[in-house]
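Novice: Taken in order, the sequence shown gives residues 810 to 1015; the numbers are from the numbering used here.
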Amino acid sequence: MPITVQTLRDAVARSDARMERLEDPLNAADALLGDGDTGSMLARVIEKMAATDLTATTDVGAAFNALARATMAATGSSLGTLLATALLTFAKSTKGRSEVPWSELSGLIEQAIEAMKLRGGASLGDKTILDALHRIAQSLTGIDDASAVALAAETGARAALEHFQPLPCKIGRARLFPEKSTGAHDPGMLALHLLLRCEEVSDRDG
Ligand SMILES: [Mg+2]
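#1: Can you find a heavy atom of ligand 3 that lies under 6 Å from the Cβ of glycine 981?
#2: Under 8 Å Cβ to Cβ from aspartate 953, same chain only, skipping five residues before and after it: list those, please.
#3: Would you grab the beta carbon distance between phenylalanine 973 and lysine 936 for me? Rounded to a whole angstrom, and I think it's under 8 Å.
#4: In or out: aspartate 819 buried (at least 16 other Cβ within 10 Å) or exposed?
#5: Is it the case that the CB of alanine 868 approaches a heavy atom of ligand 1 more closely than 6 Å?
#6: By DSSP's criteria, isoleucine 812 is part of a beta bridge. Which residues make up the other side?
#7: Any idea if glycine 848 is buried or exposed, counting beta-carbon neighbours within 10 angstroms, 16 or more meaning buried?
#8: DSSP three-state call for valine 1010: helix, strand or coil?
#9: Does the beta carbon of glycine 848 fall short of 6 Å from some heavy atom of ligand 1?
#10: Contact defined as beta carbons within less than 8 Å: I believe isoleucine 918 pairs with alanine 872. What is the distance between those atoms, to the nearest angstrom?
#11: Could you work out which residue in Lys904, Ala983, Ala883 is closest to valine 814 when comparing CA atoms only?
#12: Which complete beta strand (DSSP E) runs does the stretch 839-916 hold, if anything under 3 residues is left out?
#13: Note down the Cα distance separating aspartate 995 from methionine 850, rounded to an integer number of angstroms.
#14: Run the CB neighbour count on serine 824, radius 10 Å, all protein chains shown included, and call it buried at 16 or more, exposed below.
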């Protein structure tokens, strides 16, 4: 089964359900470095995505476009803007197609990273969600099966999180306090890791 609009609907619904337990830990992770709103912002964005009616289209690009618009309507935050930028890049590359092979996802993510670099000014190595996406894109190279993609994406997101934890953040407000970001998780990277985790998030973790 390739990527279809239904794949996106399922991913949004699953993320929306997970955010209930992730909102507080993600706010706490952000509070170490910033204003402590990453969890609430993402919960709001994903709720708005989940409320977006995608039943009328089979065009994957149109669905990505609708999700980007939902994101922009829900937040003007820097992480939200990067997310919308990624979704718009996916939309452009999948416009008019009802099926997209999983093997294209790695390349789509690399394209999105380039657009996010231009939009947000971050480079690879700055300890942002771009680094996690880059690692995920590398992990997905050559994989054309949904469950193998899920596992590889989870592995890539965790590897990026662990690699960057001991390093300081080099962009945004957090770069001004390297002693705070060193040893801490970037909230965007953490969010991606927790949303992609294949096993259900247990109450113990939440
Ligand atoms: Mg914040």
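We treat Cβ as the ideally placed atom computed from N, Cα and C, and that holds for glycine.
Specialist: This is what the structure gives:
#1: Because ligand 3 does not appear in the structure shown, any question about it cannot be addressed here, the ligands present being ligand 1.
#2: Pro910, Trp911, Ser912
#3: 5 Å
#4: exposed
#5: The question names alanine, but residue 868 in the sequence shown is aspartate. Flag unset: Cβ of aspartate 868 not near ligand 1.
#6: Val909
#7: buried
#8: A caution first: valine 1010 carries a pLDDT of 46, below 50, which makes its placement in the model unreliable, though a value can still be read off. Correct three-state label for valine 1010: coil.
#9: no
#10: Contact doesn't hold; Cβ gap of about 17 Å is too wide.
#11: Lys904
#12: none
#13: 15 Å
#14: buried
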